[in-house]
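Number of protein chains: 2
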Amino acid sequence: MQTIPTTTAVKPPLIRTTEVSAHVGEIVQLQGWLHNLRRLGGVSFLVLRDGWGTVQAVTEQEAALLPLVENELNTETVITLEGLVASVPQAPGGIELHQPRITVITPVREPLPVVISKREVNASLPLMLDHAVVVNRHPTRRSVFRLGAGVMAAFREALAQRGFTEVQTPKIVASATESGANVFKIDYFGRPAYLAQSPQFYKQIMVGVFQGVYEVAPVFRAEPHDTTRHINEYVSLDVEFGFIENHFTVMALLRDVLAHIFNRLVESYNPELSLLNAKLPTVPAAIPHLHFTEAKELVFQLHCKNLQGVDERNEPDLSPQEERWLGEWAQKEHNSDFLFVTGYPMSKRPFYTHPDPARPAYSNSFDLLFRGTELVTGGQRLHRYEDYLAALSKANLPTAPFETYLEAFRYGMPPHGGFAIGSERLLMQLLGTPNVRLTTLFPRDLNRLTP
Amino acid sequence: MQTIPTTTAVKPPLIRTTEVSAHVGEIVQLQGWLHNLRRLGGVSFLVLRDGWGTVQAVTEQEAALLPLVENELNTETVITLEGLVASVPQAPGGIELHQPRITVITPVREPLPVVISKREVNASLPLMLDHAVVVNRHPTRRSVFRLGAGVMAAFREALAQRGFTEVQTPKIVASATESGANVFKIDYFGRPAYLAQSPQFYKQIMVGVFQGVYEVAPVFRAEPHDTTRHINEYVSLDVEFGFIENHFTVMALLRDVLAHIFNRLVESYNPELSLLNAKLPTVPAAIPHLHFTEAKELVFQLHCKNLQGVDERNEPDLSPQEERWLGEWAQKEHNSDFLFVTGYPMSKRPFYTHPDPARPAYSNSFDLLFRGTELVTGGQRLHRYEDYLAALSKANLPTAPFETYLEAFRYGMPPHGGFAIGSERLLMQLLGTPNVRLTTLFPRDLNRLTP
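This is the structure we're talking about:
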């Protein structure tokens, strides 16, 4: 049935690169960027990139390239490309355009600051970040951010299916409440105000309204860290819900949300995952869990000799090395990329954390380790008004800045809890990226405010 | 088939208020807040509210209320309620719980600062806003915000279906670029930085990556307005896409997105729309449009005598009164709640606006009026690097603060455009709410930073 249509006054259909394979034998029209142009012994290979993929056009006719050549145009020139779709097994994707006709929409004459027409971006991290405006156009780079969109969509979908309601809570707040030091200060019409470090207080308040809520929004941390894992503005995936039994109810939901996210990525983002060689984890039906004290003891049993004689069992936190060891243990013993560590000491958790009723020095909280690194923090919160007054007093915090937050508890809150996932951190660990700045669209750090 | 089951050691199923009607004749268990308790001549009516709705329980047994009465508990006490589901035509929703058994989860003893157990919230605006933490629990109040969640979800769905990609762009920016005056200043590790007024520059940049993008995120406006229509932080629904012909391509997409949003609300949010008596508009297949100059002339023809002799045809903008008149005209002449006004004077639009090639004093931009008030602004943007240099020069703006933004245009951008919808403003106009603060979860204005 492959009859070759003749070109008529009727314009060929305008399609996307991802639709080309459905049009073999037809003349089609595409719009996009000149991604690459190679000329090998009389044959020219032109790659057009649009918002979704790339397609290669091949010609032996030098004249076909005239619109590009006569003006010495560079890659990233915006063009319309017409051509006949041919099935060519050895071509990328098994498809090529023949008899190309090029029309220039927006010419580019200057060479790019970073070459983005090769299979990989070959540039230093600072150069990539300085020129993220163009570097993010590269197929591997934009795949990262398309997966980011997929993570957000799947997160919302998992929670909407369970009857949770989306909220968008204020980012400008009156007091540097949750932990005084790490907030950015704003000049709010001559008064001081702050950027919210997290939607923690508001998502708890909203449990009183909707029972279960989620939020996908930026959070701001004025932490003067300069590490590969910290940025000062990131997208937080937040959940909070009521009528839980304890933190294990929260952990069960987190398990299901993560499983939904990874399933969705596999279903809908296969091209991006392949391009990035991503190894997606299987989320076990029940993620193994260890109490903090068990985890400490386990690490000591397994690795005490590696610790240069220092017994860290009494440290109230896990070191990154300990987390890696626990990750290896979970892999070996449970064949799991994931491990919950529960019951962190109350001394290391914020004032609103619910203690373990049986062992009040430990909390009803958890961290989720993913491949040996902390990915999610969550837990049960206090819900009784009098418990908040006692907790603030114990933490030597005044009640006045918390007045509106406390109103939620004064007027009836159920046992509740939740968790927060850093979206860029999740992508970083999922893709094995060495620096969270590479899974952030336009990162903000100690030294970087642009682009 | 209505046999009354006997209570056994097996706990009755825990269900939501919205599921009760499917359990007539069964004993069920619900968890939520004591929304209301009325005692009328020996009969007590108890209303339980959970995150999704309310259900009424009725009893003549004083003893059933003992857990509430003996401790003098108030509304908003968190309870578990067991009861036998009965079909009672005269009850709210046609359903009642009989033989209620109440267990207190979290007691509330203090009277509420604002009564939220009646059909309406009867309080002044400041009182409602001061106590939004509890007032937002009221069924009418939370319906507003559940519709807000519906608007966001439907907006994203409309764009995802069309191949657009979601982005989350930085809110902390290096320079007060788009219009210098109205930005909040931040102390960023000792350096000045600003809160983004809009994702305008970043969404344009991202057209170079994904071709079509959308974002749902907070924007920050340091405008010292004190009106019923302005707040200083709101949720902006942003769209930008490439390969458009002109602003009419953008208007066509906007029309379809709005139609999708309203259809979704009708499909999925009927209880909320009914409770709020919302009159949803029909979006015409083609929304009528007038050029700015035609709109001015039309208003003059229809209403010049109302203007106390002042001829406003040469004013470069439409007054709120003129917008109302145009809204009435669209309703009368086109039976449309919507009217596009296109081609606003370039002098009133930001530097990146694309001029009308045929009449360069006017722009390829538009406002969408909804029921006589501006709801959406959008248009075509410049896309050639040299046009940006000329536009910045004409506006007496330096190029340095725009360096990374300009990089997008230097390296190839197609004709593109987009629009932005204020989510709270949309809800306000849709619901006929007198003040945008009432469609904002926790509003921020000149005087208000809490709750």
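Taken in order, these protein sequences are the chains called A and B. Our numbering numbers the first residue of the first sequence as 10 and each following residue consecutively. Our numbering numbers the first residue of the second sequence as 10 and each following residue consecutively. Just so you know, even glycine gets a beta-carbon here, dropped at the ideal spot from N, CA and C. If you're wondering where the values come from, they're calculated on a predicted model, not measured in any experiment.
- A:L274 is the residue among A:L274, A:L299, A:I296 and A:H298 whose C-alpha sits nearest the C-alpha of A:K288.
- Neighbours of A:Q40 in chain B, taken as residues at a C-beta separation under 9 Å, are given in chain order as Q220, G251, F252 and P423.
- In the three-state scheme derived from DSSP, where H, G and I count as helix and E and B as strand, B:E35 is classed as coil.
- In this structure, A:G199 sits away from A:Q220, with a CB-CB distance that is not shorter than 8 Å.
- With contact defined as three or more Cβ pairs closer than 8 Å, the segment 231-249 of chain A and the segment 424-437 of chain A are in contact.
- Counting only runs of 4 or more residues that sit fully inside the segment 166-200 of chain A, no alpha helix (DSSP H) segment turns up.
- B:L378 is positioned such that its CB atom lies closer than 8 Å to that of B:L348.
- As the crow flies, the alpha-carbon of A:I36 is around 12 Å from that of A:E105.
- Contact annotation for A:H140 against chain B: E416 [CB-CB distance below 8 Å, chain order].
- A:T408: not part of any alpha helix (DSSP H); DSSP gives it neither H nor E.
- Only L450, F451, R453, L455, L458 and T459 from the segment 425-459 of chain B bring a Cβ to less than 7 Å from some Cβ of chain A.
- For A:E281, the enclosing alpha helix (DSSP H) stretches over residues N279 to L284.
- Straight through space, the alpha carbons of A:Y278 and A:L82 are spaced by roughly 33 Å.
- With contacts defined as CB atoms closer than 8 Å, A:T115 and B:H147 fail to qualify as a contacting pair.
- If you check the CB distance, A:T442 and A:T448 come in under 8 Å.
- Bounds of any beta strand (DSSP E) do not take in A:E85, whose DSSP letter is neither H nor E.
- The C-alpha of A:G421 lies about 39 Å from the C-alpha of B:P208.
- An exposed status is given to B:R47, since fewer than 16 other beta-carbon atoms sit within 10 Å of its beta-carbon.
- Along the segment 226-244 of chain A, going in chain order, the ones with a CB nearer than 8 Å to a CB of chain B are A226, P227, F229, A231, P233, N241, E242 and V244.
- Beta-bridge pairing by DSSP links B:F379 to B:F347 and B:T382.
- Exposure of B:P120 is indicated by the presence of fewer than 16 other C-beta atoms within 10 angstroms of its C-beta.
- About 13 Å separates the Cβ atoms of A:Q70 and A:L93, ruling out a contact at the 8 Å cut-off.
- For B:K212, no CB of chain A lies under 8 Å from its own CB, so it is not counted at the interface with that chain.
- Between B:S374 and B:T382, the C-beta spacing is not below 8 Å.
- DSSP, reduced to helix, strand and coil, places B:E321 outside both helices and strands of the structure shown, so it counts as coil.
- With a threshold of 8 Å between beta carbons, B:H32 makes no contact with chain A.
- A direct Cα-Cα distance of roughly 7 Å separates A:M215 from A:V222.
- A distance below 8 Å separates the beta carbons of A:V228 and A:A205.
- Under a 10 Å Cβ-count criterion, B:S328 is classified as exposed, with fewer than 16 other Cβ atoms of the shown protein chains found around its own Cβ.
- The three-state reading of DSSP puts A:W338 in helix, counting H, G and I together.
- In this structure, the alpha-carbon of A:V319 lies about 44 Å from that of A:F418.
- Between B:T86 and B:L77, the beta carbon gap of about 7 Å places them in contact (Cβ cut-off 8 Å).
- Secondary structure of B:R434 (DSSP, three-state): helix.
- In this structure, the alpha-carbon of B:E331 lies about 12 Å from that of B:R380.
- Our two residues, B:Q340 and B:E303, have alpha carbons roughly 17 Å apart in a direct line.
- Taking C-beta atoms under 8 Å as the contact rule, B:T27 and B:W61 qualify, at a distance of about 5 Å.
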